[in-house]
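With my numbering as the guide, the letters of the sequence shown map in order to residues 0 to 691.
Here a beta-carbon is modelled for each residue, glycine too, at the ideal position from N, C-alpha and C.
Written out below as structure tokens is the structure these notes cover.
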Amino acid sequence: MKTIIFFFILIFASFHLLAENGHKLWLRYKNTGTVNVVCQMNSATLTIAKEELQNGWRGKDGASFALTVKQDKEIKGDGFKISKNGIQANTELGILYGVYEILRRQYTGEAIDEEICNPSYERRILDHWDNLNGTIERGYAGLSIFWRSGKDSLVVTKKDRELWKEYARADASIGINGAVLDNVNASPLILTTGCLNRVKAIAEVLRPYGIKTYLAINFASPSVIGGLKTSDPFDPEVKKWWKDKAKEIYSMIPDFGGFLVKANSEGQPGPQNFGRTHDDGANMIADALKPFGGIVMWRAFVYSPNDKDRARQAYNEFMLLDGKFRDNVIIQVKNGPVDFQPREPFNPLFGAMKKTSVMPELQVTQEYLGQAIHLVFLATMWKEFLQSDTYQEGKGSTVARCTDGSIYPQKYTAIAGVANIGLDTNWCGHPFAQANWYAFGRLAWNNNLTSEKIADEWLKLTFKPTASEDKEMLTALSVEWNLNFLKPVKQMMLNSREAAVNYMMPLGLHHIFAANDHYGPGPWWGPKGVRRDWTPPYYHQADTNGIGFDRTRTGSNALSQYHEPLASLFNDVKTCPEVYLLWFHHLPWDYKMKSERTLWDALCYHYEAGLQKVREFQKVWDKVERYVDPERFALVQSKLRQQCVNAQLWKDACLLYFQQFSRKPIPYDIERPVHDLKDIIKNDMERLRRRD
Ligand code: BDP
Numbered sequence: 000m001k002t003i004i005f006f007f008i009l010i011f012a013s014f015h016l017l018a019e020n021g022h023k024l025w026l027r028y029k030n031t032g033t034v035n036v037v038c039q040m041n042s043a044t045l046t047i048a049k050e051e052l053q054n055g056w057r058g059k060d061g062a063s064f065a066l067t068v069k070q071d072k073e074i075k076g077d078g079f080k081i082s083k084n085g086i087q088a089n090t091e092l093g094i095l096y097g098v099y100e101i102l103r104r105q106y107t108g109e110a111i112d113e114e115i116c117n118p119s120y121e122r123r124i125l126d127h128w129d130n131l132n133g134t135i136e137r138g139y140a141g142l143s144i145f146w147r148s149g150k151d152s153l154v155v156t157k158k159d160r161e162l163w164k165e166y167a168r169a170d171a172s173i174g175i176n177g178a179v180l181d182n183v184n185a186s187p188l189i190l191t192t193g194c195l196n197r198v199k200a201i202a203e204v205l206r207p208y209g210i211k212t213y214l215a216i217n218f219a220s221p222s223v224i225g226g227l228k229t230s231d232p233f234d235p236e237v238k239k240w241w242k243d244k245a246k247e248i249y250s251m252i253p254d255f256g257g258f259l260v261k262a263n264s265e266g267q268p269g270p271q272n273f274g275r276t277h278d279d280g281a282n283m284i285a286d287a288l289k290p291f292g293g294i295v296m297w298r299a300f301v302y303s304p305n306d307k308d309r310a311r312q313a314y315n316e317f318m319l320l321d322g323k324f325r326d327n328v329i330i331q332v333k334n335g336p337v338d339f340q341p342r343e344p345f346n347p348l349f350g351a352m353k354k355t356s357v358m359p360e361l362q363v364t365q366e367y368l369g370q371a372i373h374l375v376f377l378a379t380m381w382k383e384f385l386q387s388d389t390y391q392e393g394k395g396s397t398v399a400r401c402t403d404g405s406i407y408p409q410k411y412t413a414i415a416g417v418a419n420i421g422l423d424t425n426w427c428g429h430p431f432a433q434a435n436w437y438a439f440g441r442l443a444w445n446n447n448l449t450s451e452k453i454a455d456e457w458l459k460l461t462f463k464p465t466a467s468e469d470k471e472m473l474t475a476l477s478v479e480w481n482l483n484f485l486k487p488v489k490q491m492m493l494n495s496r497e498a499a500v501n502y503m504m505p506l507g508l509h510h511i512f513a514a515n516d517h518y519g520p521g522p523w524w525g526p527k528g529v530r531r532d533w534t535p536p537y538y539h540q541a542d543t544n545g546i547g548f549d550r551t552r553t554g555s556n557a558l559s560q561y562h563e564p565l566a567s568l569f570n571d572v573k574t575c576p577e578v579y580l581l582w583f584h585h586l587p588w589d590y591k592m593k594s595e596r597t598l599w600d601a602l603c604y605h606y607e608a609g610l611q612k613v614r615e616f617q618k619v620w621d622k623v624e625r626y627v628d629p630e631r632f633a634l635v636q637s638k639l640r641q642q643c644v645n646a647q648l649w650k651d652a653c654l655l656y657f658q659q660f661s662r663k664p665i666p667y668d669i670e671r672p673v674h675d676l677k678d679i680i681k682n683d684m685e686r687l688r689r690r691d
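Below you can see the structure in the form of structure tokens.
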């Protein structure tokens, strides 16, 4: 009887879920007791640390907890040492990070034993692709939190400051310590005094949370806003212009981080416009920032229309320059050699540039992964990348170790993620997209964390009911919640990226997206007069003989950029991992896969598996309804429906399009397409016309 009553209490208790709009992110902290914080020092950062502890404390009621800033060689940078009784760190920021760690553990039920936590990368930066008119390039969560249009666009309001503070707090809680405030396709106007005043105001709000501000700059700024005749990096007046600009910025923002530069890429100006090279340009700007401790993050995302293989180009241009950059230049390299695709092998520049600091650039915003509609947890993709073995210094030279200072003594170590944040109430558009912001920060702090651990933490912090004050009830609920919510939803997150790869571009296919918006399928798109390397047929190369991009020794030979044994492994179709098969090989439709299936059949089964997974996700989510507040539940449910419609479209479009070349039936045990290819293409063309 007792158990039955208890069971009923449980059911009713779990229905009492307060509506949540997602604005609080993973910071739904609420204390269950008091704590006596002992701290000898005072500062803005330490005040935040104390308040956070008091507001969120779930440890022993009335406990004493010490915050101590004291040098310890074992602790690196803004790392910290935690124990049951307190936190020790070299810096005040280290204390704040330690506080967030303690609170996280109290909420997730992780043990708090004596432990030192050091960051993997010194600079953990979010790149905001925010335009000065408030729009965001590849942003799917509303307008910019930093910029807006209109005549009062540069006026800083109380509301602005409040939002920036919330943003800074969220970043700090996961260890992010830098923000690039504007788009890499940068407006020269960002360096005008009006904009810099706003940057100063943002920097003031971000500073106590340990976040440095950086700016993406336009290489032609001296001529566009400085009134000079040229922006040639060898011109003495240009050099002086940058020096003066740096001085001006540092007089306003003493802890300014530095510049991010997209040069000679996709139409952006750069040193090559003046017959100079990337190092000439980067070093000139680095010299201007050097006296103030600033850095230049110079992007390696370059490709010209003339090369026969876009995937080779960053390596070709940048390897020649290894060792020629100033020590305050970091080359920022996208994870893959093409462009943030659902799956790419790692960019071969990682580990290969041995005399230059190199930092990975990841894309948190889901430009190529279903935007704010698809549920795709990116930690698994980033782990796959970070754990890739480059073999540059023998086995075990993973990308993570090649970039975090474990192998090469880089002067600076850093990692960047393109932000997915906007003015939407829940910041990221999709409630689960918040998990990607969270995962980026956590992996930047500790690149050894597993995707599972990150998903586990995030789900507990974001969804676990905290309302009941009754301890016994909460514990009982917790057991049920772990089993019925945490377990299935975590598994869904962990499967979600592979599902997306399957219904979008399995087996190494890449960049077959609909033109411009990169959301739906568009393998057919390739009008005359458009750069070939901007069209899907350039990447899939499908014809009646087969499909795939031949990057082998007899093809473009891009795989020679990988260190042995990788180059040979990729070159031999028998040893090339099947997930990269069509990235490196052009193969006949009846090529026999490891499963004994033909390539065509395997492709069909992958698309089908992707779609079926999303249908399964819908069921998983519907089943957890009683554990989620109605607002977030309904939003995710509706987004999963849209994801399903889109996954079906991907499968039908790609299979029916490629079938024109394979001339083989879709295996009969697979569900039939529900769209006609000609309608799909017609709709796509109409979409493009509407846009023009
Ligand atoms: C591509 C985006 C484009 C960016 C570019 C970049 O489509 O909007 O400007 O990358 O990273 O993925 O510079």
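Query raised in the report: Three-state secondary structure (DSSP) at G440?
Result: Here residue 440 is taken as the residue at index 441 of the sequence shown, counted from 1. DSSP places G440 in helix when its eight states are reduced to three.
Query raised in the report: Does DSSP classify C116 as helix, strand or coil?
Result: The count along the sequence shown starts at 1 and reaches residue 116 at position 117. Strand, per DSSP.
Query raised in the report: Which residue comes first and which comes last in the alpha helix (DSSP H) that contains G55?
Result: Against the sequence shown, residue 55 aligns to sequence position 56. It spans 43-55 - the alpha helix (DSSP H) in which G55 sits, taken as one unbroken run.
Query raised in the report: When burial is assigned at 16 or more other CB atoms within 10 Å of the CB, is V673 buried or exposed?
Result: On the sequence shown, position 674 is the one that residue 673 refers to. With fewer than 16 Cβ atoms within 10 Å of its Cβ, V673 is classed as exposed.
Query raised in the report: Leaving out the 5 sequence neighbours to the left and right, which residues in its chain are closer than 8 Å to L374 when beta-carbon positions are compared?
Result: Position 375 of the sequence shown, counted from the first residue, corresponds to residue 374. Only H429, F431, M491, M492, S495, F616, V635, K638, L639, Q642 meet the Cβ criterion.
Report task. Quick one: grab the DSSP three-state call for P290. Result -> Mapped onto the sequence shown, residue 290 falls at position 291. Three-state DSSP puts P290 in a helix.
Query - Simplified DSSP assignment, three categories, for D254 - result: Translated into the one-based positions of the sequence shown, residue 254 becomes position 255. It is coil, neither helix nor strand.
Requested in this report: Just tell me which of T107, E113, G61, N117 has its CA closest to the CA of D77.
Outcome: One-based indexing of the sequence shown puts residue 77 at position 78. Among T107, E113, G61, N117, the Cα nearest to that of D77 belongs to N117.
Query raised in the report: Taking the beta strand (DSSP E) that R723 falls in, what are its first and last residues?
Result: Past the edges of the chain, shown from 0 to 691, lies residue 723, and the structure says nothing about it.
Query raised in the report: Start and end of the alpha helix (DSSP H) containing T379?
Result: On the sequence shown, position 380 is the one that residue 379 refers to. 378-385 is the extent of the alpha helix (DSSP H) around T379.
Requested in this report: Using only the heavy atoms of the ligand BDP, determine whether one of them is closer than 7 Å to the beta carbon of S82.
Outcome: By one-based count along the sequence shown, residue 82 stands at place 83. Not so, every heavy atom of the ligand BDP lies at least 7 Å from the Cβ.
Query raised in the report: Does DSSP classify R298 as helix, strand or coil?
Result: The residue you call residue 298 lines up with position 299 of the sequence shown. Correct three-state label for R298: strand.
Report task. Could you pull the start and end residues of the beta strand (DSSP E) that L319 belongs to? Result -> Taking the sequence shown and counting its residues from 1, one reaches residue 319 at position 320. No beta strand (DSSP E) holds L319; DSSP gives it neither H nor E.
Query raised in the report: Which one of L17, S119, R27, T67 has the shortest CA to CA distance from V37?
Result: Residue mapping note: residue 37 aligns to position 38 of the sequence shown, counting from 1. Minimum Cα distance to V37 is reached at T67.
Requested in this report: Taking only heavy atoms of the ligand BDP into account, decide whether any of them is closer than 7 Å to the Cβ of N132.
Outcome: Here residue 132 is taken as the residue at index 133 of the sequence shown, counted from 1. Taking 7 Å as the cut-off, the C-beta of N132 does not count as close to any heavy atom of the ligand BDP.
Query raised in the report: Heavy atom of the ligand BDP less than 7 Å from the Cβ of N184, yes or no?
Result: Position 185 of the sequence shown, counted from the first residue, corresponds to residue 184. Yes.
**Report entry** From T424, R137, E161, V237, residue whose alpha carbon lies closest to that of F273
**Finding:** Your numbering for residue 273 matches position 274 in the sequence shown. The residue with the shortest Cα to Cα distance from F273 is V237.
Query raised in the report: What residue does the alpha helix (DSSP H) around A652 start on, and which one ends it?
Result: The residue labelled residue 652 in the question sits at position 653 within the sequence shown. 629-661 is the span of the alpha helix (DSSP H), which, as asked, contains A652.
**Report entry** Which residues DSSP lists as bridging P359, in chain order
**Finding:** Residue mapping note: residue 359 aligns to position 360 of the sequence shown, counting from 1. Partner(s): V332.
Requested in this report: Say yes only if the C-beta of D181 is nearer than 7 Å to one or more non-hydrogen atoms of the ligand BDP, and no if none qualify.
Outcome: Residue 181 sits at position 182 when you count from the first residue of the sequence shown. D181: no, Cβ never under 7 Å from the ligand BDP.
Query - Local conformation of D388 per DSSP, three classes - result: Here residue 388 refers to the residue found at position 389 when the sequence shown is read from its first residue. Reduced to three states, the DSSP call for D388 is strand.
Query - Start and end residues, alpha helix (DSSP H) containing V619 - result: Taking the first residue of the sequence shown as 1, we reach residue 619 at position 620. Per DSSP, V619 belongs to the alpha helix (DSSP H) from 598-622.
**Report entry** 4 or more residues per run - each alpha helix (DSSP H) lying fully within the region 483-531
**Finding:** 486-503
**Report entry** Limits of the beta strand (DSSP E) - the one that L214 falls within
**Finding:** Looking up residue 214 in the sequence shown gives position 215. Its beta strand (DSSP E) spans residues 211-216.
Query raised in the report: Can you find a heavy atom of the ligand BDP that lies under 7 Å from the Cβ of S637?
Result: Taking the sequence shown and counting its residues from 1, the one referred to as residue 637 is at position 638. Because no heavy atom of the ligand BDP lies under 7 Å away, the Cβ of S637 does not count as near it: no.
Report task. Within its chain, find whatever has a CB closer than 7 Å to the CB of E624; leave out the 5 residues flanking it on each side and keep chain order. Result -> Working through the sequence shown from its first residue, we reach residue 624 at position 625. So the list reads F632, once near-sequence residues are dropped.
Report task. May I have the straight-line CA-CA distance separating V500 from L654, to the nearest angstrom? Result -> Within the sequence shown, residue 500 is the residue found at index 501, counting from 1. Within the sequence shown, residue 654 is the residue found at index 655, counting from 1. So the two alpha carbons sit approximately 14 Å from each other.
Requested in this report: Per DSSP, which residues does L586 bridge with? Please list them.
Outcome: Within the sequence shown, residue 586 is the residue found at index 587, counting from 1. BP columns for L586 point to I546.
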